[in-house]
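Sequential numbering from 440 applies to the sequence shown in my numbering.
Ideal placement from N, C-alpha and C gives every residue a C-beta, glycine not left out.
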Amino acid sequence: MSKQMSHLDNIPSTPGKFKMEKSPYVHNRLRWHSSLAKLTFWSFIFLGLILIFFFRSPSSNPLPQDPSRRSLRTYNWGGPAWEKRVRSSARVRSRNGISVLVTGAAGFVGTHVSAALKRRGDGVLGLDNFNDYYDPSLKRARQALLERTGVFIVEGDINDSALLRKLFEVVAFTHVMHLAAQAGVRYAMENPGSYVHSNIAGLVSLLEVCKSANPQPAIVWASSSSVYGLNTKVPFSERDRTDQPASLYAATKKAGEEIAHTYNHIYGLSLTGLRFFTVYGPWGRPDMAYFFFTRDILKGKSIPIFEAANHGTVARDFTYIDDIVKGCLAALDTAEKSTGSGGKKKGPAQLRVYNLGNTSPVPVSDLVSILERLLKVNAKRNIMKLPRNGDVQFTHANISLAQRELGYKPTTDLQTGLKKFVRWYLSYYSGGKKATG
Ligand SMILES: NC(=O)c1ccc[n+]([C@@H]2O[C@H](COP(=O)([O-])OP(=O)(O)OC[C@H]3O[C@@H](n4cnc5c(N)ncnc54)[C@H](O)[C@@H]3O)[C@@H](O)[C@H]2O)c1
Ligand SMILES: *[C@@H]1O[C@H](CO)[C@@H](O)[C@H](O)[C@H]1NC(C)=O
Ligand SMILES: *[C@@H]1O[C@H](CO)[C@@H](O)[C@H](O)[C@H]1NC(C)=O
């Protein structure tokens with residue numbers, strides 16, 4: 440037996456197998472050499488694996504340089520288990536069902552729309568970055584709600600093109616319901632970059648991936664009544680001018696409508712924009728007046744009620760969430776297919792814009808009176824002049840176009856809708872959770 444053979448033979452595969460030999464000196468030296476070689480060998484393999492993992496990891500995006508873009512984080516996605524969840528969530532379960540990517544699925548409207556689609560047997564995959572514009576625990580609670588119905592929300596950013604491409608690789612979505620956005624009018628003065636990031640750059644990233652997808656999906660997305668800006672002609676009709684936005688938020692939504700036009704024109708993407716009018720209801724948004732009025736009235740804190748010049752009334756066309764959901768589903772169901780393929784247009788495609796409102800503006804002071812009755816607490820009203828930082832005095836939707844083409848017909852008045860909101864609010868925030876702020 441050669442020395443080499445013997446030394447190979449004597450490497451203990453397990454400690455218990457090691458046996459002493461006649462020539463301990465030679466043997467030990469050989470053993471030492473072989474151990475060092477082994478150690479070096481495995482170190483290289485280990486290092487290599489770490490490097491491969493690091494570079495192939497899709498979430499190794501650079502960190503944002505601009506601190507104002509606080510919604511940008513890195514996320515973990517990918518892998519067989521993750522893909523399986525994505526596929527299973529997006530699987531269509533009813534005949535003639537559609538498969539929809541819902542962006543902003545952990546948001547107020549996104550949660551309701553996702554649940555409604557899932558309920559009727561459509562395939563639904565959510566996408567949300569769970570940013571902290573408002574209390575993320577509410578987004579997590581909505582996520583838990585959706586999880587119970589079989590909807591998986593992928594954690595990631597709509598401006599992450601690699602992630603979007605991956606999602607379209609795994610699932611051939613027939614539709615995209617694009618609801619992810621930086622919402623809110625006043626926050627734009629605090630963090631303008633977040634509006635550009637989500638409502639402009641994010642929208643373009645999404646449309647870029649959609650136009651290259653095969654087949655191209657049809658896209659329905661949320662614009663806003665705020666595009667009417669300083670328009671004074673009421674009720675607001677789709678044909679009215681929208682070139683006088685009163686906030687950066689409104690300007691980014693208006694830009695979105697123009698960007699939609701471009702992608703429809705160049706690439707044949709089927710695009711439908713929905714101008715929502717002040718949506719409210721259970722699981723709503725804590726930054727909106729009906730929500731924080733409820734919180735502050737219950738706390739005995741005074742609430743600011745805005746008044747326009749000359750004691751002018753500030754009013755909103757409040758629209759109940761269930762009505763909005765019906766409008767969203769009708770828009771998806773009536774959307775025609777995109778016409779392009781391989782990133783090229785093949786023919787003209789559908790391009791639509793609809794108001795989704797309630798057609799009955801209610802003065803904000805009436806909103807407060809309804810809340811007082813429902814909560815059985817008197818509000819401390821603090822009448823203030825409407826600041827010129829984005830809010831408009833009045834919104835009122837003309838919905839005849841949506842009525843005609845989508846069969847849209849809102850059925851919930853503010854009193855009825857707020858009753859449902861208050862019932863949800865009290866049960867949500869008494870169940871061990873506390874209102875924030
Ligand atoms: N609620 C309303 O009254 C109203 C009115 C007009 C328009 N809209 C529009 O409707 C849509 C839904 O609004 P909402 O009230 O549900 O708001 P929301 O803030 O509750 O939902 C938006 C969701 O998108 C996510 N998101 C934001 N930026 C993202 C990004 N870059 N990548 C991934 N996810 C991101 C957020 O985490 C959030 O969960 C928005 O586009 C909003 O601008 C809402
Ligand atoms: C969006 O993503 C692109 C790359 O896909 C990047 O160049 C750009 O800086 C991002 N924009 C914002 C505002 O985050
Ligand atoms: C509402 O819009 C339609 C077009 O969709 C228009 O014909 C109608 O005159 C508008 N109604 C009012 C009251 O402005």
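Taking a cut-off of 5 Å from the heavy atoms of ligand 2, the residues with a C-beta inside it are N598, S600, H636, A640.
Looking at the DSSP output, W660 sits in a beta bridge with H617, G712. Residue environment analysis places Q655 among the buried positions, since at least 16 neighbouring C-beta atoms fall within 10 angstroms of its C-beta. Relative to ligand 3, S676 has its C-beta within less than 8 Å of a heavy atom.
Here Y867 is not near G782, since their CB atoms are 9 Å or more apart.
Look at G546: its beta carbon is less than 8 Å from one of the heavy atoms in ligand 1.
Under the three-state reduction of DSSP, M823 is assigned to strand. DSSP places G751 within a strand segment (E or B) once states are collapsed to three. Q854 is classed as exposed because its beta carbon has fewer than 16 other beta carbons within 10 Å across all chains shown. Rounded to the nearest whole angstrom, the CA to CA distance from D852 to D762 is 10 Å.
Proximity of the beta carbon of F716 to ligand 1 is indicated: a heavy atom of the ligand is located closer than 8 Å. Distance from the CA atom of Q842 to the CA atom of V673, rounded to whole angstroms, is 18 Å.
For S799, the Cβ stays outside the 8 Å cut-off from all heavy atoms of ligand 3. Taking a contact as a CB-CB distance under 8 Å, the pair S528 and F591 counts as one, their CB atoms being some 4 Å apart.
With a cutoff of 8 Å, Q621 counts as near ligand 1, since its C-beta is closer than that to a heavy atom of the ligand. Using a cutoff of 8 Å, the CB of R604 does not count as near ligand 1, since none of the ligand's heavy atoms is closer than that.
Here the distance from the Cβ of M628 to the nearest heavy atom of ligand 1 is not below 8 Å. Between the region 815-822 and the region 766-775 there are fewer than three inter-stretch CB-CB distances shorter than 8 Å, so the stretches are not counted as touching.
Boundaries for L669: no beta strand (DSSP E) harbours it, and the DSSP string shows neither H nor E there. Listed in chain order, the alpha helix (DSSP H) elements of length 4 or more contained wholly in the region 634-658 are 641-651. Pairwise C-beta distances place the region 576-595 out of contact with the region 625-644, as fewer than three of them are shorter than 8 Å.
Contact check for I658 against C649 passes: the beta carbons are separated by less than 9 Å.
For N703, the enclosing alpha helix (DSSP H) starts and ends at 687-706. In this structure, P725 is the residue among P800, P725, D805, P743 with its C-alpha nearest to the C-alpha of K578. At a threshold of 8 Å, A554 does not count as near ligand 1, since its beta carbon sits no closer than that to any of the ligand's heavy atoms. For I742, the three-state secondary structure derived from DSSP is strand. A contact is defined here as three or more CB-CB pairs under 8 Å, and the region 632-647 meets this definition with respect to the region 615-624.
Just measuring C-alpha positions, the residue of S663, S662, A661, P684 sitting nearest T671 is P684.
When DSSP states are grouped into helix, strand and coil, P721 belongs to the coil group. At a threshold of 8 Å, L840 counts as near ligand 3, since its beta carbon sits closer than that to one of the ligand's heavy atoms. Remark: C-beta atoms of L857 and L813 approach each other more closely than 9 Å.
Runs of beta strand (DSSP E) with 3 or more residues, each lying fully within the region 789-848, are found at 790-795, 819-824, listed in chain order. By the CB criterion at 9 Å, G720 and F547 fall inside the cutoff.
Not one heavy atom of ligand 3 is found less than 8 Å from the C-beta of N821.
Between the C-alpha atoms of T701 and F612 there is a straight-line separation of about 21 Å.
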